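Notes to accompany the following structure.
2 protein chains.
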Amino acid sequence: MEEIRVGGMYFSLDLSLPLYEQVLEQVRSSIAKGEIALGDKIPSVRELAQALKINPNTVMRAYQELEREQLTETRRGQGTYITSDIAKVDLIRYRVADKAIEEFLSKMTGLGFETPEIDKLLRIKRGEAHE
Amino acid sequence: MEEIRVGGMYFSLDLSLPLYEQVLEQVRSSIAKGEIALGDKIPSVRELAQALKINPNTVMRAYQELEREQLTETRRGQGTYITSDIAKVDLIRYRVADKAIEEFLSKMTGLGFETPEIDKLLRIKRGEAHE
DNA sequence: TAAGTGTATTAAGTGATATAATACACTTAA
DNA sequence: TTAAGTGTATTATATCACTTAATACACTTA
């Protein structure tokens, strides 16, 4: 899986998910991890599209979702910038995490696993010694 | 969200995911949780389709995947039965769980969370009243 | 003015999903 | 033997999400 570096971020696309979702997730991840600084400019729609060899409309879709989440601010004619408001970043981080946790626990419960065993499986997966 | 009882199992379909995936997941969950006994017969393709008001081909697709996973055995002319081999059920249970755990941890890591905080968030989520 | 921004529109193609209508081989029970 | 109920296969059709393509427009900056 080829990894492409654009504007301080790394992208790696495949066919497992919609392209716009992958772009969205990878930018969001870069922001959450602090790999790209608050207030920084991210690549233009056209630049990123060209680098990733996908259509500008597809990049647009990802960028629009980022702005809806208030993770970015767009200035017409200038470009798209990461928000400078760290509170907004944190809010999104926890909101997305909360959803992931909910889905995870729901899935495990659906498989008949309960708290102690879920914790045990998590520890095993991390390579930790168990109980 | 309407809940429909068919052949000892409960089904609840919506538009958030493909129908065949929802049917597949809900039968798998019933088996994993032991809500339906090993060796039991599950509803016929036509019966389930009629009860859920979906196309028989859609049910077929779910049933074929269940058989590929060896969670069910089909006897031509008779019907579809839950496997009697508890080892197979457990294998699938842990395989699916492992995938869920991997995806969950990967998502949380992508958001910049590490082990201690992930555990903390899990504890918080369980302390809340949900569902 | 020219180049680079974000944004909008229209058109087209592809693939997954779902439905519909039929048909066939098999099993069971009447 | 027959009829009804199984799983299974096939073909056709429709819809929708996703993606690409080609333009066009308004704005900002150098």
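In order, the protein sequence lines correspond to chains V and C. So for the first sequence, full-length UniProt numbering puts the first residue at 1; every next one is plus one. So for the second sequence, full-length UniProt numbering puts the first residue at 1; every next one is plus one. Where is the CB? At the ideal position from N, CA and C, for every residue including glycine. Quick caveat: nothing in here was measured; it's all calculated off a predicted structure.
_Proximity test, Cβ basis, 8 angstroms: residue 105 of chain C and chain V_ = Numbered from its first residue, the second sequence carries residue 105 of chain C at position 105. At least one chain V Cβ lies under 8 angstroms of residue 105 of chain C.
*Closest to residue 3 of chain V by CA distance: which of V:51, V:120, V:117, V:92 is it?*
Residue 3 of chain V sits at position 3 when you count from the first residue of the first sequence. Closest by alpha carbon: V:51.
*Please check the pair residue 126 of chain V and residue 115 of chain C, which I expect to be a contact at CB under 8 angstroms, by giving their CB distance rounded to whole angstroms.*
Taking the first residue of the first sequence as position 1, residue 126 of chain V is located at position 126. Taking the first residue of the second sequence as position 1, residue 115 of chain C is located at position 115. Confirmed, about 6 angstroms.
*Can at least three beta-carbon pairs, one atom from the stretch 110-124 of chain C and one from the stretch 87-97 of chain V, be found at a separation below 8 angstroms?*
In short, these stretches touch, since the Cβ pair count reaches three.
*So what's residue 79 of chain V in DSSP terms, helix, strand or just coil?*
If you number the first sequence from 1, residue 79 of chain V lands on position 79. Residue 79 of chain V: strand per DSSP, three-state reduction.
*Could you check the C-alpha separation between residue 131 of chain V and residue 21 of chain V for me, to the nearest Å?*
Residue mapping note: residue 131 of chain V aligns to position 131 of the first sequence, counting from 1. Residue mapping note: residue 21 of chain V aligns to position 21 of the first sequence, counting from 1. With a pLDDT of only 48 at residue 131 of chain V, under 50, the local geometry of the prediction cannot be trusted, and the value read off the model is given with reservation. Answer to the nearest angstrom: the Cα atoms are 39 angstroms apart.
*Return the first residue and the last residue of the beta strand (DSSP E) that residue 11 of chain V is part of.*
Locating residue 11 of chain V in the first sequence gives position 11, where the first residue counts as 1. 9-11 is the span of the beta strand (DSSP E), which, as asked, contains residue 11 of chain V.
*asked:* Along the chain, where does the beta strand (DSSP E) containing residue 4 of chain V start, and where does it finish?
replied: Position 4 of the first sequence, counted from the start, is the residue given in the question as residue 4 of chain V. DSSP places residue 4 of chain V inside the beta strand (DSSP E), whose first and last residues are 4-6.
*From this set, V:34, V:79, V:15, which residue's C-alpha is nearest residue 200 of chain V's C-alpha?*
Outside the displayed span of chain V (1 to 131) sits residue 200 of chain V, for which this structure offers no information.
*Out of C:101, C:107, C:15, which has the shortest C-alpha to C-alpha gap to residue 122 of chain V?*
For the purposes of this step, residue 122 of chain V is taken as the residue at position 122 of the first sequence. Considering only alpha carbons, the answer is C:101.
*asked:* Between the alpha carbons of residue 87 of chain V and residue 11 of chain C, how many angstroms are there, rounded?
replied: Here residue 87 of chain V is taken as the residue at index 87 of the first sequence, counted from 1. Here residue 11 of chain C is taken as the residue at index 11 of the second sequence, counted from 1. Roughly 41 angstroms between the two C-alpha positions.
_Residue closest to residue 53 of chain C, alpha-carbon to alpha-carbon, out of C:14, C:107, C:65, C:38_ = Taking the second sequence and counting its residues from 1, the one referred to as residue 53 of chain C is at position 53. Minimum Cα distance to residue 53 of chain C is reached at C:14.
*asked:* By the DSSP assignment, the alpha helix (DSSP H) with residue 57 of chain C in it spans what residues?
replied: Taking the second sequence and counting its residues from 1, one reaches residue 57 of chain C at position 57. It spans 56-68 - the alpha helix (DSSP H) in which residue 57 of chain C sits, taken as one unbroken run.
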